[in-house]
Every structure is written in C-alpha cells, then in structure tokens.
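Undergrad:
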Amino acid sequence: MGKNERIFETKLHSDTPEMGNDPLPVEPYVSKVFFEQERENIFKRSWLEVARVEELPNPGDYITIDVEVLKTSVILVRGEDGQVRAFHNICTHRGNKVALEKQGNTRGFTCGFHSWVFGLDGTLEHMNAEEYFVGDHNKCDLGLIPISVDTWKGFIFIHAMDQPPQTLSDYLGGMGKQLEPFPHEECEHIARYSGTPRVNWKVAIDAFQEAFHAIMVHRDSLPGAAGSPLNPGAALTSARFYGPHRSLSAWLNMEYLPPDIGMMVGKYGPAFVTSHEDYPGINPDGDESWWFDINVIFPNFFCDVGPGWYFTYNFWPISENETRWVMDIYQIKAENAGALLAQEHTKVLLRDAVLEDFSTLEDTQSMMESGALKSILASDLEIAIRHQMYVVNQWLEKTA
Amino acid sequence: MTTALPAAFQQLTPYADKWALDSESARRETRMRSSQEDLITFYEAMKPVLDDAIQYLNTHDLENLPKPERNLLNTALSLVEVSVAVELFHNPWPLNAWPWEAFSVGD
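Following this line, the structure appears as structure tokens:
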C-alpha cells in the first residue's frame, strides 16, 4: 500500500534539533516514578509562570496560588516600594498558612494561629510573646520564606531555587525575543476558565500543540478551518524551536467561513475567527494562510497570540495522572458595544472548542494506563509533541 | 417581569426577560439549561436586528450605559452565547466534548 504524496510541508528552521523518528514510550505519561523525577528535575529547576502584574496593581495587593507540583502555596504581594515579591505561604513559627484568601489588599499578613505579623516585604514585624521564645533564634531570620521571582512583559514567574541558574530573560531566550513586540500590557483580561481533568500534564499539553486534531476534534466548532485539500493534515505553517521552548504557527483555510454571528460581530472588533491583519509579535515568518501562533514556554505555560488578542494556558501537574488547567483570555480593550460582542464571540467559541479538546484527555490517560500500548506514534504534524518529550528527557538526564 | 429596552427594540422584550443577563456564567448556564427549540426561537428573533442593535449601542458610552441599553447589550451578548449552539453544535452544549459542568467559568 503506497503512501500519498505530502501536499503541504511545515516550514522548519535550521535550528530544529535532531529528534529522530522513533515512537515515543508511554511510560513517561503514566509512571509515578517518572513524575517524581519531573517534579525534582524540571519543575523545581525551571521558571514557572504564575500571574500577571495587572492582578496586583497597588501596594498591598496580594494573591495566593497553589502550586501543587512544588507542594506549596505561594503568596505574591506588591510591597510599599512597588516591588512584587513571592513567599511561601507559611508562618515561620509553627507552619500555619498566613494568607487564607485567594486575593486581597492588606498591610501585612497575620497568622491565624498565634498572631505573628509579617510585613509586605516578608519581615517579621510582630513576634507575639517574643519574650517567651528563649531558644537560639534571630527575629530577623524569621521573616516569610522568599521564593525567587522575576517578570517578563508583565508575566510573573517564580523559580524554586534560591539562585536560579539563569535569569528569566535568558531562560526565555529567542522565545521571549519573538514575543517581545506583542503589546501584552495594552490588553485586558476578559475571561478565565479552569478544569482538573484526570490526565498526565504532558498528555494535556500535547492536545494543544498541534493542529492535526482540529480536523476531527473541532469538526463541530471550527468545521473546515484547520484543514482543506490544500493542507489535508492541518500541518502547521511553520515551527521554531528555542532551546526548551517552541513556537508553532497554525494554518488557516482561507476558504473557511466563520459562523454567521461571528462574522456579524467580527466587523466591529478583533475576534478569534475573523481577524487576519498584521500585528506586532505575531506570524514571525510572514506565513500566508496564517491563523495564530501557539507559543509553548517550557515546561507548562502557553502564550498563544493573534491580532489584538492573546490567551494563556497553565498546566499544573498534581500527580502523574491529574492536571489543573487554567486558561486566561486577554484582548485590546473594547471601546464600544460592537467590539465587546466580538470579544464575547472569541470567548464563547474558544471556551467551547477547548471543551472539545478535553474530550480525549481522560480516555487517552486511562487507556495508556492499561499497559496495552507500549509506545505512541508522533507524525511530522506533531513535531511539538516529540520536542516536548525530547526536552523532558534532556532535563531528566542533565540533572539526574 | 418586564425588562426595559430602548424604544426601537421593544419587540425583543419577551427574550430580554430571559436573556438580559449580566455575566458570562449566567448566560452560559441559561443556554445549557434551555431546550434547543428555545435557543433557535431566540436566535431567529434577534439575529435580524443584531446589526441595528450594535450600531445603536455604539453611539453610547460603553462605560455608562443606561439600564435599557445595558439590557439590550446583555441580550445581544446572550445571542452570541447561544449562536454557537444554534449554528455549530445543533445542541445546547457541545456534544463531542468534556461535560460543560466540569469547566469552571470565572466572571
């Protein structure tokens, strides 16, 4: 049986690593042991995106974030000096959490156990009953325990190491440079969705970093958008690899007709399915039939961009087969009702399309756990999946 | 209950009574719990006047919409919410998808 000729090829840059064509083993998607290695060698050694600066506009603003994979709760807080700091959410007295709310504005953090008080910069300001603590300790060393933090274009990242081996900017490298012109700071947050499927974090990520699936999975929400006789496999138009990160440009069938209401509101503002104009920080190779860029920042953060909008995913591993997923959508501020309706169409369509993306995750995970299949196949349409596994293995070997 | 609407859009009042909802989660919840027939009826009633409604609303300051205009906008936002069920899924919720209830929507 002969193979068909390939009609459309993804443009790959010369710096594409040599990753081979072997099947990918199933073990890394189901193994508890492998997951523990990922926790130690990847998540405790990489910059992890946790928030945007707009979530903390004023001194005293704070948010708390559960970072299950680091087994901690993180406080992000803006100090009187305007600086954003990160701390473990733990009282240095006997280990209780000091911040119980998801967010707020405060002058400090008072532990609900014995009322020790910590300032916005973490300093232990009031050590209740200090005179009774007679052991060898120094109040100056009893501040909240800091976590390394850095920001890039308004995105706040944390790092589990006290002395991260690279600055955030160096870590992001070419990926950061590609996205640099995009006006993230001019966009406003318009939606947050979340869910916790029973799935390995890499299975979940892999469902969002190729377009091949769109032909089948999005046959209802985006019929004919991702593939056509010109590109029957919905191949990416181009892909770029930046160390552990990657940027993938999705191809759009220019014959695709968005649904009626999407077309009607799309006249009044940027929307996911109707806007194709030039914009800074998108379509880096100037591809024709370009749809949007999927930008994957290793290990677990996506920043996908289009003209006038971007959306992010955070995939937070909880265990080898549970992942907390959060999606945030941002757009240039709507100045009138028409633009707001265009935004709404983007939200609703993306939200329901992502529900379709989730349709395969738990079935894939549970069947991988059956042990029936020892390896999976990744085609050239799915080069990003191969790259993710390639990088995961690199990091596990590098630091083993 | 009668929902106030701008004079030119009074004919939408029966729909606004159900659909003038001011959050995405409320609009989504109402869509998912409606029959497909109800969604189609609303869609077909409002779609022909959507463009007029947008042009009318665009003459107002989005930050300071009077109540009738706000109700019209919220009803139009519901039309966008409902449109994907009518145009794409032919069912209130996506069928080949994760259960919509498992997905949390923050407003």
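These protein sequence lines are chains A and B, in that order.
Each residue of the first sequence is one higher than the one before, counting from 1 in our numbering.
Each residue of the second sequence is one higher than the one before, counting from 1001 in our numbering.
Think of the CB as a built atom: it goes at the ideal place given N, C-alpha and C, for glycine as much as any other residue.
Could you confirm whether any beta carbon from chain A is found closer than 8 Å to the beta carbon of B/A1007?
TA: no
Undergrad: With a threshold of 6 Å on Cβ separation, who are the neighbours of A/A191 within its own chain once the five nearest residues in sequence on each side are excluded?
TA: Hits under 6 Å: I329 and K347.
Undergrad: Going by DSSP, what residues sit across from A/Q331 in a beta bridge?
TA: A/E188 and A/W309
Undergrad: In terms of alpha-carbon separation, which member of A/F241, A/F182 and A/F315 lies closest to A/H387?
TA: A/F241
Undergrad: Do we get a CB-CB distance below 8 Å when we pair B/L1039 with the residues of chain A?
TA: no
Undergrad: When DSSP labels each residue in this structure, what does A/W152 get in the three-state scheme?
TA: strand
Undergrad: Report yes or no: is there a C-beta of chain B within less than 8 Å of the C-beta of A/N336?
TA: yes
Undergrad: Determine the direct distance from the alpha carbon of A/I385 to that of A/D206, and round the result to whole angstroms.
TA: 6 Å
Undergrad: Select from A/E344, A/P232 and A/D352 the residue whose C-alpha is nearest the C-alpha of A/A211.
TA: Of A/E344, A/P232 and A/D352, the smallest CA-CA separation from A/A211 is found for A/P232.
Undergrad: Which residues does DSSP pair with B/G1106 in a beta bridge?
TA: When DSSP reads this structure, B/G1106 sits in a beta bridge with A/R192.
Undergrad: Sorted by chain position, which residues of the same chain lie with C-beta nearer than 6 Å to A/C409's C-beta, five sequence neighbours on each side aside?
TA: Residue coverage of chain A in this structure runs from 1 to 400, which leaves residue 409 of chain A outside it and unanswerable.
Undergrad: In angstroms with no decimal places, state the Cα-to-Cα distance between A/E188 and A/I297.
TA: 21 Å
Undergrad: Look up A/N200 in the DSSP assignment and say whether it is helix, strand or coil.
TA: If DSSP states are grouped into helix, strand and coil, A/N200 belongs with coil.
Undergrad: Keeping to the same chain, check which residues put their C-beta closer than 8 Å to that of A/K139; ignore five residues upstream and five downstream.
TA: L124, M127 and E130
Undergrad: Would A/S249 and A/D285 qualify as a contact pair, given that the criterion is a beta-carbon distance under 8 Å?
TA: yes
Undergrad: Exposed or buried, B/V1082, counting other C-beta atoms within 10 Å across all chains shown (16 or more means buried)?
TA: Buried.
Undergrad: Please state the DSSP three-state secondary structure of A/G338.
TA: DSSP places A/G338 in helix when its eight states are reduced to three.
Undergrad: If we define contact as Cβ-Cβ less than 8 Å, is B/N1058 a contact residue for chain A?
TA: yes
Undergrad: If you draw a straight line from the alpha carbon of A/R52 to that of A/W325, how long is it in whole angstroms?
TA: 17 Å
Undergrad: For A/I261, return the contacting residues in chain B, with the cut-off set at a CB-CB distance below 9 Å.
TA: The contacting residues are Y1043, K1047, L1050, L1079, V1080, V1082, S1083, V1084, V1086 and E1087.
Undergrad: Please report the residue range of the alpha helix (DSSP H) in which B/L1079 lies.
TA: K1067 to V1084
Undergrad: Around the C-beta of B/L958, are 16 or more other C-beta atoms found within 10 angstroms, so that it is buried, or is it exposed?
TA: In the structure as shown, chain B starts at 1001 and stops at 1107, and residue 958 of chain B therefore has no counterpart that could be examined.
Undergrad: Which of helix, strand or coil does DSSP assign to A/C91?
TA: Per DSSP, reduced to three states, the secondary structure at A/C91 is coil, with no helix or strand assignment.
Undergrad: How big is the Cα-Cα spacing for A/T72 and A/I145?
TA: 12 Å
Undergrad: List, in chain order, every chain B residue whose beta-carbon is nearer than 8 Å to that of A/S347.
TA: In the sequence as displayed, the identity of residue 347 of chain A is Lys instead of Ser. Per Cβ cutoff of 8 Å: E1024.
Undergrad: So what does DSSP say about B/A1041, is it helix, strand or coil?
TA: Here residue 1041 of chain B is Thr; the residue named in the question, Ala, does not match the sequence. Reduced to three states, the DSSP call for B/T1041 is helix.
Undergrad: Rounding to the nearest angstrom, what Cα-Cα distance links A/L24 and B/R1027 in this structure?
TA: C-alpha of A/L24 to C-alpha of B/R1027: approximately 43 Å in a straight line.
Undergrad: Per DSSP, what are the beta-bridge partners of A/H213 in this structure?
TA: Per DSSP, none; premise fails for A/H213.
Undergrad: If you reduce the DSSP assignment to three classes, tell me which class A/H245 lands in.
TA: strand
Undergrad: Candidates A/W201, A/W152 and A/T167: which alpha carbon is nearest A/H180's?
TA: Rather than His, the amino acid found at residue 180 of chain A in this sequence is Glu. Nearest of A/W201, A/W152 and A/T167 to A/E180, Cα basis: A/W152.
Undergrad: Give every residue of the same chain whose Cβ lies closer than 7 Å to the Cβ of A/Y29, excluding the five residues on either side of it in the sequence, and list them in chain order.
TA: N200, K202, V203 and M368
Undergrad: Run the CB neighbour count on A/V33, radius 10 Å, all protein chains shown included, and call it buried at 16 or more, exposed below.
TA: exposed
Undergrad: Please name the residue, chosen from A/Y268, A/Y193 and A/H137, that lies closest to A/L340 on a Cα-to-Cα basis.
TA: A/Y268
Undergrad: Mapping the DSSP letters down to three states, classify A/V407 as helix, strand or coil.
TA: In the structure as shown, chain A starts at 1 and stops at 400, and residue 407 of chain A therefore has no counterpart that could be examined.
Undergrad: Short of 9 Å Cβ to Cβ, which residues in the segment 73-103 of chain A face chain B?
TA: Residues: none.
Undergrad: Starting from B/W1100, find everything on chain A with Cβ-Cβ shorter than 7 Å and list it in chain order.
TA: L355
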